[in-house]
Amino acid sequence: MNLHTLRIFTNVAKLGSITEAAKLLHISQPAVTIQIRKLEREIGVKLIEGKGRGIQLTYEGEFLYEQGLRLFHLEEQIDDKFKSFLEKKENIKIASSYISTNYILPPIIAGYKSKNPNIDMYVSLGNVQSVERHVLDYKVDFGFVVQSNIGHEDLSFEKILDIPFWFVVHPAHPLANKKVSIFELSEHDFIYRERGSSTLDLMEAIFYTHNCPLPRFGLQIEGVLESIKVVEAGYGMAIAPACSVKEKLLQGSIARVFVNQVEISQSLFCCTRKVDKVKHPFIQYLKMNLGNLEI
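Taking numbering that gives the first Met the number 0, the leading residue of the sequence shown gets 0, the next gets one more, and so forth.
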(Lines of atoms letter the chains of each structure in order from A; the text may use other names.)
(Lines give C-alpha, C1' and ligand atoms only; values in the text may rest on other atoms or scores of the structure.)
Protein backbone atom coordinates (compact mmCIF):
# COMPACT_ATOMS: atom_id res chain seq x y z
CA MET A 0 0.00 0.00 0.00
CA ASN A 1 1.33 3.41 -1.00
CA LEU A 2 1.82 5.56 2.12
CA HIS A 3 1.37 8.80 0.18
CA THR A 4 -2.07 7.62 -0.97
CA LEU A 5 -2.94 6.44 2.54
CA ARG A 6 -1.97 9.85 3.93
CA ILE A 7 -4.30 11.55 1.44
CA PHE A 8 -7.15 9.21 2.38
CA THR A 9 -6.53 9.72 6.12
CA ASN A 10 -6.74 13.49 5.72
CA VAL A 11 -9.95 13.23 3.68
CA ALA A 12 -11.48 11.01 6.37
CA LYS A 13 -10.29 13.28 9.19
CA LEU A 14 -11.63 16.47 7.59
CA GLY A 15 -14.75 14.85 6.14
CA SER A 16 -14.21 16.64 2.86
CA ILE A 17 -12.20 16.15 -0.33
CA THR A 18 -12.16 19.93 -0.83
CA GLU A 19 -10.68 20.64 2.61
CA ALA A 20 -8.13 17.84 2.27
CA ALA A 21 -7.03 19.23 -1.11
CA LYS A 22 -6.51 22.67 0.47
CA LEU A 23 -4.53 21.21 3.36
CA LEU A 24 -2.31 19.11 1.09
CA HIS A 25 -1.94 21.84 -1.56
CA ILE A 26 -3.11 19.63 -4.41
CA SER A 27 -6.17 19.76 -6.67
CA GLN A 28 -9.50 18.13 -5.81
CA PRO A 29 -9.35 15.86 -8.90
CA ALA A 30 -5.89 14.68 -7.80
CA VAL A 31 -7.27 13.75 -4.37
CA THR A 32 -10.20 11.89 -5.95
CA ILE A 33 -7.87 9.99 -8.30
CA GLN A 34 -5.69 8.87 -5.37
CA ILE A 35 -8.73 7.69 -3.39
CA ARG A 36 -10.06 5.69 -6.34
CA LYS A 37 -6.57 4.24 -6.89
CA LEU A 38 -6.45 3.13 -3.26
CA GLU A 39 -9.91 1.54 -3.51
CA ARG A 40 -8.88 -0.42 -6.59
CA GLU A 41 -5.66 -1.53 -4.92
CA ILE A 42 -7.34 -3.00 -1.84
CA GLY A 43 -10.54 -4.06 -3.59
CA VAL A 44 -13.15 -2.33 -1.42
CA LYS A 45 -15.04 0.96 -1.45
CA LEU A 46 -13.82 3.35 1.24
CA ILE A 47 -15.82 6.53 0.73
CA GLU A 48 -19.36 7.34 -0.32
CA GLY A 49 -20.78 10.74 -1.18
CA LYS A 50 -22.97 12.48 1.40
CA GLY A 51 -24.25 15.87 0.31
CA ARG A 52 -21.25 18.17 0.16
CA GLY A 53 -19.19 15.92 2.36
CA ILE A 54 -18.20 12.26 2.47
CA GLN A 55 -19.27 9.18 4.41
CA LEU A 56 -16.80 6.44 5.31
CA THR A 57 -17.82 2.85 4.70
CA TYR A 58 -17.16 0.22 7.38
CA GLU A 59 -13.88 -0.66 5.62
CA GLY A 60 -13.09 3.04 5.33
CA GLU A 61 -13.55 3.54 9.08
CA PHE A 62 -11.17 0.64 9.76
CA LEU A 63 -8.51 1.96 7.38
CA TYR A 64 -8.86 5.49 8.78
CA GLU A 65 -8.28 4.23 12.32
CA GLN A 66 -5.23 2.21 11.26
CA GLY A 67 -3.91 5.14 9.22
CA LEU A 68 -4.12 7.42 12.25
CA ARG A 69 -2.14 4.91 14.31
CA LEU A 70 0.47 4.55 11.60
CA PHE A 71 1.06 8.28 11.23
CA HIS A 72 1.08 8.82 15.00
CA LEU A 73 3.79 6.14 15.13
CA GLU A 74 5.66 7.98 12.38
CA GLU A 75 5.52 11.17 14.48
CA GLN A 76 6.73 9.27 17.52
CA ILE A 77 9.70 7.86 15.59
CA ASP A 78 10.57 11.35 14.33
CA ASP A 79 10.35 12.74 17.88
CA LYS A 80 12.55 9.96 19.24
CA PHE A 81 15.31 10.50 16.71
CA LYS A 82 15.08 14.24 17.20
CA SER A 83 15.59 13.68 20.93
CA PHE A 84 18.56 11.39 20.20
CA LEU A 85 20.17 14.12 18.10
CA GLU A 86 19.42 16.84 20.65
CA LYS A 87 20.49 14.58 23.53
CA LYS A 88 17.07 15.23 25.06
CA GLU A 89 14.27 12.76 25.80
CA ASN A 90 10.56 13.24 26.35
CA ILE A 91 7.99 10.95 27.93
CA LYS A 92 4.30 11.10 27.06
CA ILE A 93 1.89 9.49 29.52
CA ALA A 94 -1.89 9.14 29.49
CA SER A 95 -3.47 8.55 32.86
CA SER A 96 -6.89 8.24 34.44
CA TYR A 97 -7.91 10.64 37.20
CA ILE A 98 -7.01 8.58 40.25
CA SER A 99 -3.47 7.75 39.19
CA THR A 100 -2.86 11.30 37.92
CA ASN A 101 -3.92 12.95 41.16
CA TYR A 102 -2.99 10.50 43.90
CA ILE A 103 -0.25 8.15 42.69
CA LEU A 104 1.89 9.65 39.95
CA PRO A 105 2.78 13.14 41.36
CA PRO A 106 5.47 12.00 43.86
CA ILE A 107 6.80 9.44 41.36
CA ILE A 108 7.05 12.06 38.61
CA ALA A 109 8.68 14.54 40.99
CA GLY A 110 11.30 11.99 42.03
CA TYR A 111 11.97 10.87 38.48
CA LYS A 112 12.34 14.45 37.24
CA SER A 113 14.76 15.23 40.07
CA LYS A 114 16.98 12.38 38.93
CA ASN A 115 16.47 13.11 35.20
CA PRO A 116 16.14 16.91 34.85
CA ASN A 117 16.73 16.87 31.08
CA ILE A 118 13.72 14.66 30.35
CA ASP A 119 10.54 16.49 29.36
CA MET A 120 7.36 14.85 30.63
CA TYR A 121 3.82 15.30 29.32
CA VAL A 122 0.83 13.84 31.17
CA SER A 123 -2.68 13.85 29.67
CA LEU A 124 -5.81 13.11 31.69
CA GLY A 125 -8.73 10.93 30.57
CA ASN A 126 -11.02 8.08 31.52
CA VAL A 127 -10.00 4.45 31.01
CA GLN A 128 -11.31 4.23 27.45
CA SER A 129 -9.53 7.39 26.29
CA VAL A 130 -6.25 6.36 27.96
CA GLU A 131 -6.33 3.00 26.17
CA ARG A 132 -7.14 4.73 22.88
CA HIS A 133 -4.20 7.15 23.28
CA VAL A 134 -1.82 4.23 23.86
CA LEU A 135 -3.20 2.26 20.91
CA ASP A 136 -2.97 5.29 18.62
CA TYR A 137 0.69 5.98 19.58
CA LYS A 138 -0.20 9.39 21.00
CA VAL A 139 1.61 8.45 24.23
CA ASP A 140 4.38 6.06 25.27
CA PHE A 141 2.25 4.24 27.86
CA GLY A 142 -0.73 4.78 30.14
CA PHE A 143 -1.99 4.23 33.68
CA VAL A 144 -5.53 3.12 34.41
CA VAL A 145 -7.42 2.08 37.52
CA GLN A 146 -9.91 -0.69 36.76
CA SER A 147 -11.13 -4.13 37.80
CA ASN A 148 -10.49 -6.07 34.60
CA ILE A 149 -7.91 -6.29 31.84
CA GLY A 150 -8.84 -3.96 29.00
CA HIS A 151 -8.18 -3.84 25.26
CA GLU A 152 -6.84 -7.05 23.71
CA ASP A 153 -4.07 -5.23 21.79
CA LEU A 154 -2.58 -3.85 25.00
CA SER A 155 -0.48 -5.43 27.74
CA PHE A 156 -1.54 -4.67 31.33
CA GLU A 157 0.88 -4.91 34.23
CA LYS A 158 -0.63 -4.68 37.69
CA ILE A 159 1.12 -2.10 39.85
CA LEU A 160 -0.93 -2.05 43.08
CA ASP A 161 -4.44 -2.41 44.56
CA ILE A 162 -6.45 0.65 45.59
CA PRO A 163 -9.25 0.30 48.18
CA PHE A 164 -12.58 2.03 47.47
CA TRP A 165 -15.07 3.24 50.10
CA PHE A 166 -18.71 4.30 50.17
CA VAL A 167 -18.96 7.86 51.46
CA VAL A 168 -21.79 10.18 52.53
CA HIS A 169 -22.30 13.50 54.34
CA PRO A 170 -21.96 13.18 58.16
CA ALA A 171 -25.68 14.01 58.50
CA HIS A 172 -26.69 11.16 56.18
CA PRO A 173 -28.73 8.41 57.93
CA LEU A 174 -26.10 5.78 57.00
CA ALA A 175 -23.06 7.80 58.11
CA ASN A 176 -20.55 5.66 60.06
CA LYS A 177 -22.98 2.72 60.13
CA LYS A 178 -22.43 -0.89 59.14
CA VAL A 179 -25.21 -1.97 56.79
CA SER A 180 -26.07 -4.59 54.19
CA ILE A 181 -25.56 -3.79 50.53
CA PHE A 182 -29.34 -4.02 50.06
CA GLU A 183 -29.77 -0.99 52.33
CA LEU A 184 -27.54 1.04 50.00
CA SER A 185 -29.99 0.43 47.14
CA GLU A 186 -32.63 2.48 48.93
CA HIS A 187 -30.59 5.69 48.88
CA ASP A 188 -29.76 8.29 46.23
CA PHE A 189 -26.44 7.57 44.58
CA ILE A 190 -24.09 9.77 42.58
CA TYR A 191 -23.33 7.93 39.35
CA ARG A 192 -20.19 8.45 37.29
CA GLU A 193 -20.17 8.84 33.51
CA ARG A 194 -20.25 5.85 31.16
CA GLY A 195 -16.67 4.83 30.39
CA SER A 196 -15.59 5.47 33.99
CA SER A 197 -14.04 2.46 35.73
CA THR A 198 -15.65 3.66 38.98
CA LEU A 199 -19.10 3.25 37.42
CA ASP A 200 -18.13 -0.24 36.20
CA LEU A 201 -16.95 -1.09 39.72
CA MET A 202 -20.15 0.14 41.37
CA GLU A 203 -22.37 -1.81 38.99
CA ALA A 204 -20.26 -4.97 39.39
CA ILE A 205 -20.56 -4.84 43.20
CA PHE A 206 -24.35 -4.74 43.16
CA TYR A 207 -24.71 -7.29 40.36
CA THR A 208 -22.36 -9.71 42.15
CA HIS A 209 -24.58 -9.62 45.24
CA ASN A 210 -27.81 -9.91 43.19
CA CYS A 211 -28.77 -6.53 44.54
CA PRO A 212 -30.67 -3.77 42.70
CA LEU A 213 -28.58 -0.79 41.71
CA PRO A 214 -28.92 2.19 44.07
CA ARG A 215 -31.37 4.95 43.23
CA PHE A 216 -30.13 7.32 40.54
CA GLY A 217 -29.57 10.70 42.14
CA LEU A 218 -27.44 12.43 39.54
CA GLN A 219 -24.57 11.76 37.17
CA ILE A 220 -21.35 13.73 37.30
CA GLU A 221 -17.92 13.40 35.70
CA GLY A 222 -14.91 13.13 37.99
CA VAL A 223 -13.99 11.65 41.36
CA LEU A 224 -13.40 15.02 43.02
CA GLU A 225 -16.66 16.41 41.66
CA SER A 226 -18.71 13.53 43.08
CA ILE A 227 -16.99 13.90 46.47
CA LYS A 228 -17.81 17.62 46.51
CA VAL A 229 -21.50 16.89 45.98
CA VAL A 230 -21.44 14.46 48.93
CA GLU A 231 -19.56 17.02 51.02
CA ALA A 232 -22.26 19.58 50.19
CA GLY A 233 -24.88 17.26 51.66
CA TYR A 234 -26.36 15.18 48.86
CA GLY A 235 -26.31 11.48 48.10
CA MET A 236 -23.76 8.72 48.34
CA ALA A 237 -20.68 8.02 46.24
CA ILE A 238 -18.01 5.39 45.89
CA ALA A 239 -14.47 6.77 45.84
CA PRO A 240 -10.86 5.58 46.18
CA ALA A 241 -9.68 5.71 49.77
CA CYS A 242 -6.73 7.92 48.85
CA SER A 243 -9.12 10.63 47.62
CA VAL A 244 -11.21 10.85 50.81
CA LYS A 245 -8.87 10.09 53.74
CA GLU A 246 -8.15 13.75 54.45
CA LYS A 247 -11.82 14.75 54.30
CA LEU A 248 -12.73 11.89 56.63
CA LEU A 249 -10.20 13.17 59.16
CA GLN A 250 -11.64 16.68 58.78
CA GLY A 251 -15.13 15.33 59.39
CA SER A 252 -16.60 16.80 56.20
CA ILE A 253 -17.67 13.35 54.95
CA ALA A 254 -18.23 9.94 56.56
CA ARG A 255 -17.88 6.31 55.54
CA VAL A 256 -20.60 3.71 55.16
CA PHE A 257 -19.36 0.23 56.10
CA VAL A 258 -20.95 -2.61 54.14
CA ASN A 259 -21.18 -6.12 55.59
CA GLN A 260 -18.95 -8.67 53.83
CA VAL A 261 -18.02 -6.27 51.05
CA GLU A 262 -14.39 -5.27 50.52
CA ILE A 263 -13.89 -3.19 47.39
CA SER A 264 -10.72 -2.48 45.46
CA GLN A 265 -9.49 -1.80 41.97
CA SER A 266 -6.03 -2.24 40.53
CA LEU A 267 -3.69 0.31 39.03
CA PHE A 268 -2.39 -1.05 35.74
CA CYS A 269 0.34 0.21 33.46
CA CYS A 270 -0.83 -0.36 29.89
CA THR A 271 1.56 -0.64 26.97
CA ARG A 272 1.27 -1.81 23.38
CA LYS A 273 1.90 -5.54 22.98
CA VAL A 274 4.34 -4.80 20.17
CA ASP A 275 6.51 -2.73 22.55
CA LYS A 276 8.91 -5.23 24.10
CA VAL A 277 11.19 -2.90 26.10
CA LYS A 278 10.01 -1.65 29.50
CA HIS A 279 10.41 2.10 29.91
CA PRO A 280 12.79 3.20 32.72
CA PHE A 281 10.00 5.32 34.24
CA ILE A 282 7.90 2.19 34.80
CA GLN A 283 10.84 0.48 36.51
CA TYR A 284 11.34 3.57 38.71
CA LEU A 285 7.63 3.57 39.65
CA LYS A 286 7.74 -0.08 40.73
CA MET A 287 10.90 0.48 42.78
CA ASN A 288 9.32 3.38 44.68
CA LEU A 289 5.86 1.98 45.43
CA GLY A 290 6.80 1.55 49.08
CA ASN A 291 6.95 5.33 49.49
CA LEU A 292 3.32 5.80 48.43
CA GLU A 293 0.47 6.19 50.92
CA ILE A 294 -2.59 4.64 49.27
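Built from N, CA and C at the ideal position, the CB exists for glycine as well.
What's the gap between the Cα of residue i and the Cα of residue j?
i: residue 129; j: residue 22; result: 30 Å
i: residue 219; j: residue 170; result: 21 Å
i: residue 49; j: residue 17; result: 10 Å
i: residue 143; j: residue 113; result: 21 Å
i: residue 209; j: residue 8; result: 50 Å
i: residue 141; j: residue 90; result: 12 Å
i: residue 110; j: residue 268; result: 20 Å
i: residue 145; j: residue 127; result: 7 Å
i: residue 200; j: residue 36; result: 44 Å
i: residue 6; j: residue 20; result: 10 Å
Determine the closest residue to residue i out of the options, with distance taken between C-alpha atoms.
i: residue 115; options: 29, 284 and 292; result: 284
i: residue 45; options: 260, 74, 59 and 32; result: 59
i: residue 212; options: 269, 185, 69 and 0; result: 185
i: residue 124; options: 117, 275 and 132; result: 132
i: residue 249; options: 176, 93, 15 and 197; result: 176
i: residue 173; options: 77, 255 and 245; result: 255
Would residue i and residue j be called neighbours here (beta carbons separated by less than 9 Å)?
i: residue 240; j: residue 102; result: yes
i: residue 153; j: residue 273; result: yes
i: residue 266; j: residue 159; result: yes
i: residue 156; j: residue 264; result: no
i: residue 96; j: residue 197; result: yes
Using the Cβ count rule (16 or more neighbours within 10 Å means buried), how would you classify residue i?
i: residue 191; result: buried
i: residue 207; result: exposed
i: residue 260; result: exposed
i: residue 232; result: exposed
i: residue 92; result: buried
i: residue 214; result: buried
i: residue 63; result: buried
Just to confirm the assignment, what range does the beta strand (DSSP E) spanning residue i have?
i: residue 271; result: 263-272
i: residue 50; result: 47-50
i: residue 161; result: 154-168
i: residue 227; result: It is not in any beta strand (DSSP E) - residue 227 instead sits in the alpha helix (DSSP H) that spans 223-231.
Where does the unbroken alpha helix (DSSP H) through residue i begin, and where does it stop?
i: residue 38; result: 28-42
i: residue 97; result: 97-102
i: residue 140; result: Here residue 140 belongs to no alpha helix (DSSP H), and DSSP marks it neither H nor E.
i: residue 207; result: 197-208
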